[in-house]
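Heads up: the structure comes next, in structure tokens.
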Amino acid sequence: MIRTALLIVLSTSAIATRFTPVLAQAARERPKKNNAVSSLKVGDPAPALKADRWFLSDPVTKFEPGKIYIVHFWATWCPPCIGKMPELAELQARYKDRGVTVVSFTCRGIRGGPNNSEEAVADFVNKRAKALKLNYPLAYADDSTAADAWLKAAGEDGWATFLVDRTGRVAYIGSHWFLDVGLPKLLAGADAKTVGDEIADAAAEYQDVMDTLVRDFQAGRDLHADVKALNDLETRYPPLSDLLTIVQAKLSLLPKYGDRGEAKGYAEAIVTKGIEREDVRLLGLAHSILRNEKGSKELTALALRAADAIVRIDGGTDAQSLLDLADAYQASGDNARAKDNARRAIEAAAGESPAKRQDIEKEARRLVQVSQFLLADERRRSVIMPQVGVLGRESA
Numbered sequence: 107m108i109r110t111a112l113l114i115v116l117s118t119s120a121i122a123t124r125f126t127p128v129l130a131q132a133a134r135e136r137p138k139k140n141n142a143v144s145s146l147k148v149g150d151p152a153p154a155l156k157a158d159r160w161f162l163s164d165p166v167t168k169f170e171p172g173k174i175y176i177v178h179f180w181a182t183w184c185p186p187c188i189g190k191m192p193e194l195a196e197l198q199a200r201y202k203d204r205g206v207t208v209v210s211f212t213c214r215g216i217r218g219g220p221n222n223s224e225e226a227v228a229d230f231v232n233k234r235a236k237a238l239k240l241n242y243p244l245a246y247a248d249d250s251t252a253a254d255a256w257l258k259a260a261g262e263d264g265w266a267t268f269l270v271d272r273t274g275r276v277a278y279i280g281s282h283w284f285l286d287v288g289l290p291k292l293l294a295g296a297d298a299k300t301v302g303d304e305i306a307d308a309a310a311e312y313q314d315v316m317d318t319l320v321r322d323f324q325a326g327r328d329l330h331a332d333v334k335a336l337n338d339l340e341t342r343y344p345p346l347s348d349l350l351t352i353v354q355a356k357l358s359l360l361p362k363y364g365d366r367g368e369a370k371g372y373a374e375a376i377v378t379k380g381i382e383r384e385d386v387r388l389l390g391l392a393h394s395i396l397r398n399e400k401g402s403k404e405l406t407a408l409a410l411r412a413a414d415a416i417v418r419i420d421g422g423t424d425a426q427s428l429l430d431l432a433d434a435y436q437a438s439g440d441n442a443r444a445k446d447n448a449r450r451a452i453e454a455a456a457g458e459s460p461a462k463r464q465d466i467e468k469e470a471r472r473l474v475q476v477s478q479f480l481l482a483d484e485r486r487r488s489v490i491m492p493q494v495g496v497l498g499r500e501s502a
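Residue numbers for the sequence shown follow the working numbering, beginning at 107 and rising by one.
Encoded structure:
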């Protein structure tokens, strides 16, 4: 889940907006350009996936004609690789009935990293597959032959996601973010090169828009044109509207640079989408940004709705979710419920690691203290104000 602590806060005199580290990651997730060291190109036959062990599903022994495959490489020591898995699981769920199969592939010593043994992979699957909602096969190979055949195309970055068409040819090499742009066309029968070119165009346009936005923001320029560019990009490529970078940019910028009512309408749509999909990443992002819009009761109410939905999805047992809910209640002015949920967070933190428990308890106690102070202030004002009114009438 995306937490406030993961956000980079950028400020100007006119606006304080928040962007996640994925903005920086976007520069590393460009489509891979074919170069001298790449032995695998768009349009080439996809190398075989020779694995020693398969998890969560039957082995994918070959790329069957008429079917489409998404091949993702990862390692147990690579958090960004693992972070892609829930999004790939969503793709699998969306396209499974249309002949699309996602495969996450790893091997011993992949990319020179440590501790990526069969035992480590099995332990990962046992402990995290359910939480990540993995619904597709994971493969492990004891040597790097298969992985090397694919990952040479990833260049210096070392990682990539691959799209394989119905004829077993590579249709795209790059970030999983842009797969939704090409998948419908691939399913409709377009060839690998056509699809690969369209995905690459979408990715390049996205990168140009985000680069310009960051540059204009850092220069303190007016960002109305950047918001329009984001909207135009979504119109040309609707699947990009789900990218967390775009969601965060628009949630942050629309209150100042959007048309009248646009910020509220967009925020409502994002929170509703997060609830319908049970997407805690999207809901966590909405809460983290909207809770700071204290000038708008409508937006802080949506932050509260997002935080409450996360707690319901988590089952009310996750300490951080409860702490975020307490924070959202306090931002919305409900100090009694803020205090109650902060105390629930302290209770739920008992099962966390000592370091995390200490951090949660510290923040929860701060919220309790602030809420108690504000509640006491509310009580004082509820007593004083009627007396002031009586005195005013008597003096009149």
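All C-beta atoms, glycine included, are put in the ideal place defined by N, C-alpha and C.
Fewer than three Cβ pairs drawn from the region 190-205 and the region 150-159 lie within less than 8 Å of each other, which leaves the two stretches out of contact. Bounds of the alpha helix (DSSP H) holding W256 are 251-257. In the three-state reduction of the DSSP assignment, A294 falls in the coil class. In the DSSP assignment, F268 forms a beta bridge with V177, I279.
The continuous beta strand (DSSP E) containing V209 extends over residues 206-213.
If you compare the alpha carbons of R321, G364, G326 with that of N337, the shortest gap goes to G364. A contact between stretches requires three or more CB pairs, one per stretch, nearer than 8 Å, and the region 349-360 fails this requirement with the region 201-210. Secondary structure at L244: strand, using DSSP grouped into helix, strand and coil.
F169 is positioned such that its CB atom lies closer than 8 Å to that of V270. Excluding its 5 nearest sequence neighbours in each direction, T182 has C-beta neighbours in its own chain below 7 Å: N221, N222, A226, V227, F230, listed in chain order. The residues N222, S250, in chain order, have a CB closer than 7 Å to that of G215 in the same chain once the five nearest residues on each side in sequence are set aside.
An exposed status is given to Q464, since fewer than 16 other beta-carbon atoms sit within 10 Å of its beta-carbon. Annotated as distal: L388 and K400, with beta-carbon spacing of 8 Å or more.
Separation of K147 and L257 (C-alpha to C-alpha, rounded to the nearest whole angstrom) is 11 Å. If only complete runs of 4 or more residues are kept, the region 417-464 shows the alpha helix (DSSP H) at 425-438, 441-454, in order along the chain. In this structure, I174 and L292 form a Cβ contact; the two beta carbons are roughly 6 Å apart against a cut-off of 8 Å. DSSP lists L244 as the bridge partner or partners of F161.
Under the three-state reduction of DSSP, P151 is assigned to strand.
With 16 or more other Cβ atoms from the protein chains shown falling within 10 Å of its own Cβ, T207 counts as buried. At a cut-off of 4 residues, the continuous stretches assigned as alpha helix (DSSP H) that sit fully inside the region 338-421 are 350-363, 368-383, 386-396, 403-420. Taking the Cα positions, D420 is about 42 Å away from D297. Rounded to the nearest whole angstrom, the C-alpha separation of T273 and T167 is 15 Å. Burial of P361 is indicated by the presence of at least 16 other C-beta atoms within 10 angstroms of its C-beta.
The alpha carbon of A451 has as its nearest neighbour, out of A437, S438, I466, A461, the alpha carbon of I466. R397 and A448 have their C-alpha atoms spaced approximately 16 Å apart. Distance from G218 to C184 at the Cβ level is roughly 12 Å; contact not present, criterion being Cβ atoms closer than 8 Å. Counting only the Cα atoms, S347 lies some 32 Å from K233.
In this structure, the alpha-carbon of Y343 lies about 30 Å from that of T406.
When the Cα atoms are used, K236 and S281 turn out to be separated by approximately 24 Å.
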